[in-house]
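Asks: Quick one: the structure is below, questions incoming.
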Amino acid sequence: MTRRNQNIKFAVFLQADCNYHVAGWRLPGSYADAGMNLQRWIEFARIIERAKMDMMFIADTIGLPGADRTDIIGYNTRPDKFEPFTLLSALTAYTKNLGLVATAATTFNQPYAVARVLASLDHLSGGRAGWNMVTGGNYEDALNFSMEAHPSHAERYARAEEFADVVTGLWDTYADDAFIRDRASGVYFDASKMRILNHKGERFQVKGPLSVGRPIQGHPVIVQAGTSIPARKLSARHADAVFTAQSSLPDAKGFYADLKGRLGAFGRSPDHVKVMPGVVMYIGRTEAQAREKYELLQSLIPLPVAMDRLQRMLGGVDLSGHDLDGPMPDIGGNDARMSTPMNYVRLAQREGLTIRQVAMRSAAGKDHWTLIGSPTQIVDQLEHWFVEEGADGFNLLPPDVPGTLNDFAELIVPEMQRRGLYRQEYEGSTLRENLGLPRPIRR
Ligand SMILES: Cc1cc2nc3c(=O)[nH]c(=O)nc-3n(C[C@H](O)[C@H](O)[C@H](O)COP(=O)(O)O)c2cc1C
């Protein structure tokens, strides 16, 4: 069944070694060295483009969480990675249609620098750039940016609102046809088609103009990856796509309806923000094969690593006083992570999981929706969420690479295409065109 001639959008989440499962890098056949290996990334980009996915997304945190835990930190793949925009710039040369999206946290950047990098990437890629505008949930990042502590959740989102205004304002510095480069008249660009921003706000003072012409997409695609109420408000005003962790269809539908309902207040159409929950897929030719892979990966997780990860995902909550085989305590949101702890508690309650089981689940796929099965079983589920308006598309979180990427291209894509749920070819050459989003008019 299709939905108003729309098809399912797909991003893929990659970071550092790119295996989303904490033990993915140990699986025979997976790559452990992708973090700093351009050839691996070129291979991923080619598979993803062959699968006709909308975008490759590179997540990023800057500080290394738990660097002082010398007993377990050596398991962590995260310090071994390229700076994402540098990497995406290299990948522009090896891709043609694929959207190239990366994180730049508003808490640890300046809007002028972000506007410039994204505008450059948009030109380099012929209109395929995107920015994951997160406020950043990682306490350790703050310590590398001359801050003594992570700013509060409320302050981070207030800063993000003003940050986004400045970035989009700078992207509108020039009209699309400002740069005429007319040798005969000596006019390089038409100064009447340049607007100086002169932003003077509470947190930023930015004069402009930007030192890059208007991006090919007008504005590079903006993704927001928060689920809390302040995050939804930010997304409703500025985002073109939203990444979110939802582990059940009722929760996903609630989030979807709430977010879409906020768009009218900003004169935006519900179709112009794509809601894309994360989905971890363990794909097998049969369900038994998929389960075998899942079990093998689970057997490779050291419990202290899983517990450490869970506590960090909960925003630094200490679970050491609790019985590991007892129920998950009812932890609310906190200043570091607002929506994530509540997601974990709902997941544990729904499935009756102990703390140990939640930790093992988190190591496999955090608080995201997890599918283990054959292509038919997996596509049945994707179709159900799509048709029921729990999602406009998904963010694939591959437990192992390149295994899951190849399985997605070879097994999941043809099954979605057969059902008329997925594109046969890219619709356009820019990321906006492929996502079915309008090009912003210069304000
Ligand atoms: C799919 C997805 C991708 C994310 N990527 C990043 C990232 O690259 N860097 C980062 O600091 N946080 C990232 N986050 C975490 C968010 O920044 C945020 O901390 C989290 O969604 C909780 O936000 P909330 O408490 O406002 O809902 C991501 C979250 C999701 C769901």
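Each residue of the sequence shown is one higher than the one before, starting from 1 at the first, in our numbering. Here a beta-carbon is modelled for each residue, glycine too, at the ideal position from N, C-alpha and C.
(1) For the alpha helix (DSSP H) that Asn-434 lies in, which residues bound it at each end?
(2) Can we count Ala-93 as close to ligand 1, meaning its CB is less than 7 Å from some heavy atom?
(3) Check whether the stretch 52 to 66 touches the stretch 2 to 21, counting contact only when three or more Cβ pairs, one atom from each stretch, lie closer than 8 Å.
(4) Cα-Cα, which of Ser-125, Glu-388, Arg-156, Gly-428 is closest to Asn-138?
(5) Taking Phe-266 as the reference, which of Gly-29, Pro-65, Ala-239, Asn-132 has the closest Cα?
(6) For Arg-419, report the span of its beta strand (DSSP E) as first-last.
(7) Is any non-hydrogen atom of ligand 1 found closer than 7 Å to the C-beta of Ala-220, if you look at the structure I gave you?
(8) Answer with buried or exposed for Arg-183, where buried requires no fewer than 16 other C-beta atoms within 10 angstroms of its C-beta.
(9) Can you tell me whether Arg-337 is buried or exposed, with buried defined as 16 or more other CB within 10 angstroms of its CB?
(10) Count the other C-beta atoms from every protein chain shown that fall within 10 angstroms of the C-beta of Gln-246, then say buried if there are 16 or more, exposed otherwise.
(11) By how many angstroms is the C-alpha of Ile-73 removed from the C-alpha of Val-387?
(12) According to DSSP, simplified to helix, strand and coil, what is Leu-64?
(13) Under the criterion of a Cβ to heavy atom distance below 7 Å, does Phe-243 qualify as lining ligand 3?
(14) Could you say which of Phe-85, Val-187, Asp-325, Ser-30 lies nearest to Gly-99 if we only look at CA atoms?
(15) Going by DSSP in three states, Thr-173 sits in which element: helix, strand or coil?
(16) Is DSSP giving His-21 helix, strand or coil here?
(17) Assuming Met-55 contacts Val-101 under a Cβ cut-off of 8 Å, what Cβ separation, rounded to an integer in Å, is found between them?
(18) Who pairs with Trp-131 in a beta bridge, going by DSSP?
(19) Could you check how far apart the C-beta atoms of Gly-226 and Leu-197 are, in whole angstroms? I think they sit under 8 Å.
(20) Is Arg-159 near ligand 1 - that is, is its Cβ less than 7 Å away from at least one heavy atom of it?
(21) Kindly indicate which three-state DSSP category Lys-9 falls into: helix, strand or coil?
(22) For His-384, count the other beta carbons within 10 Å of its own beta carbon; 16 or more makes it buried, fewer makes it exposed. Which is it?
(23) May I ask whether a heavy atom of ligand 1 can be found less than 7 Å away from the beta carbon of Asp-190?
(24) Is there at least one non-hydrogen atom of ligand 1 closer than 7 Å to the beta-carbon of Gly-63?
(25) Taking the C-alpha atoms as reference points, what is the distance between Ala-67 and Ser-362?
(26) Give the straight-line distance between the Cα atoms of Val-275 and Asp-190, rounded to the nearest whole angstrom.
(27) At a cut-off of 7 Å, is Pro-375 close to ligand 1 when judged by its beta-carbon and the heavy atoms of the ligand?
(28) Can you tell me whether Arg-356 is helix, strand or coil according to DSSP?
(29) If we call anything under 8 Å between Cβ atoms a contact, is Asp-80 one with Gly-126?
(30) Answer yes or no: do Thr-107 and Gly-136 have a C-beta to C-beta separation smaller than 8 Å?
(31) Bridge partners of Ile-48, per DSSP?
(32) Please report how far the alpha carbon of Ile-42 lies from the alpha carbon of Leu-91, in whole angstroms.
(33) Do the CB positions of Pro-220 and Thr-244 come within less than 8 Å of each other?
(34) Given Lys-87, which residues of its chain have a CB within under 7 Å of its CB, disregarding the five upstream and five downstream residues?
(35) Distance, Cα to Cα, Gly-428 vs Leu-437?
(36) Quick one, are the C-beta atoms of Lys-283 and Ala-290 less than 8 Å apart?
Replies: This is what the structure holds:
(1) 431 to 435
(2) no
(3) yes
(4) Arg-156
(5) Ala-239
(6) Segment: none, Arg-419 is in no beta strand (DSSP E) and carries neither H nor E.
(7) This sequence places Pro at residue 220; Ala is not what is there. Pro-220 Cβ: outside cutoff for every heavy atom of ligand 1.
(8) exposed
(9) buried
(10) buried
(11) 42 Å
(12) coil
(13) As far as ligands go, the structure on display features ligand 1 and does not contain ligand 3.
(14) Phe-85
(15) coil
(16) coil
(17) 5 Å
(18) Ala-102, Ile-222
(19) About 26 Å; that fails the 8 Å criterion.
(20) no
(21) strand
(22) exposed
(23) no
(24) no
(25) 20 Å
(26) 39 Å
(27) no
(28) helix
(29) no
(30) yes
(31) None, per the DSSP bridge assignment.
(32) 7 Å
(33) no
(34) In the sequence as presented, Lys is not what sits at residue 87; that position holds Leu. So the qualifying residues of the chain are Trp-41, Ile-58.
(35) 11 Å
(36) The sequence given here has Ile at residue 283, not Lys. Yes, the pair counts as a contact, with Cβ atoms nearer than the cut-off.
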